[in-house]
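Numbering (this note's numbering), first residue to last: 19 to 152.
No residue lacks a Cβ here, since even glycine has one placed at the ideal position from N, Cα and C.
Working notes for the structure below.
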């Protein structure tokens, strides 16, 4: 069996970038945060983790007064899981920023999660979505 690892996974920035590094749905915050959370699911699955293993999330949001509600709603729905039996909580921070690069990105997500066990090579990812089209 391959060696297993346990520890903490830190993402520095998950943006709404597709396979060609094009911004997914520029200027549509609710679609971008949904895309980002789907990317996060792929990363967590690769690490043998789920949303219940997340201990903290920080969202950097452009025009927080306009886009903050969309991001908060998406976060709440994501942490609710598949129903009451899978509901989870984590430390949550939302920060307003004047802009993100590349232009058109409205949300950036940082995540810290507990990795209980998994193959050592799963902690090195070329792409946050594992090359899978989301």
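Practice prompt. Within its chain, find whatever has a CB closer than 8 Å to the CB of residue 108; leave out the 5 residues flanking it on each side and keep chain order.
Written response: Taking the chain shown and counting its residues from 1, one reaches residue 108 at position 90. Within the same chain, residue 108 has close Cβ partners 72, 73, 74, 75, 97.
Fill in: Three-way DSSP call (helix, strand, coil) for residue 151 in this model
Here residue 151 refers to the residue found at position 133 when the chain shown is read from its first residue. Low local confidence applies: a pLDDT of 44 at residue 151 is under 50, so the model's placement there is unreliable, with the coordinate-based value given in what follows. Coil at residue 151, not helix or strand.
Practice prompt. Check each candidate in 120, 132, 105, 87 and name the one with the smallest Cα separation from residue 43.
Written response: Looking up residue 43 in the chain shown gives position 25. Of the candidates 120, 132, 105, 87, the one whose C-alpha sits nearest the C-alpha of residue 43 is 120.
Item to complete: Measure the C-alpha to C-alpha separation of residue 123 and residue 86 and round it to an integer number of angstroms.
Response: Numbered from 1 along the chain shown, position 105 holds the residue referred to as residue 123. Numbered from 1 along the chain shown, position 68 holds the residue referred to as residue 86. Residue 123 and residue 86: Cα-Cα distance of roughly 14 Å.
Discussion item. Less than 7 Å between C-beta atoms, sequence neighbours within five positions excluded: which residues of the same chain meet that for residue 55?
Written reply: Here residue 55 refers to the residue found at position 37 when the chain shown is read from its first residue. Answer for residue 55: 92, 96, listed in chain order.
Worksheet item: At which residues does the beta strand (DSSP E) containing residue 78 begin and terminate?
Response: Walking along the chain shown from the start, residue 78 turns up at place 60. Its beta strand (DSSP E) spans residues 72–80.
Discussion item. Along the chain, where does the beta strand (DSSP E) containing residue 114 start, and where does it finish?
Written reply: What you label residue 114 is simply residue 96 of the chain shown in a count that begins at 1. Start and end: 109–115.
Practice prompt. Consult DSSP for residue 146 and reduce its assignment to one of helix, strand or coil.
Written response: Locating residue 146 in the chain shown gives position 128, where the first residue counts as 1. The predicted model places residue 146 with a pLDDT of 45, which falls under 50 and marks its position as unreliable, so this point remains unresolved.
Discussion item. Helix, strand or coil for residue 92? Go by DSSP, reduced to three states.
Written reply: The residue you call residue 92 lines up with position 74 of the chain shown. Reduced to three states, the DSSP call for residue 92 is helix.
Item to complete: Take residue 66 as the anchor and find which of 27, 32, 80, 94 has the nearest alpha-carbon.
Response: Here residue 66 corresponds to residue number 48 of the chain shown, with the count starting at 1. The option with the nearest alpha carbon to residue 66 is 27.
Worksheet entry | Secondary structure of residue 64, DSSP reduced to three states | The residue given as residue 64 occupies position 46 in the chain shown. Three-state DSSP puts residue 64 in a helix.
Worksheet item: In or out: residue 47 buried (at least 16 other Cβ within 10 Å) or exposed?
Response: As a working mapping, residue 47 is identified with position 29 in the chain shown. Buried: at least 16 other Cβ atoms inside 10 Å.
Worksheet item: CB residue 35 to CB residue 78, shorter than 9 Å?
Response: Taking the first residue of the chain shown as position 1, residue 35 is located at position 17. Taking the first residue of the chain shown as position 1, residue 78 is located at position 60. Against a cut-off of 9 Å, the Cβ pair of residue 78 and residue 35 comes out as no contact.
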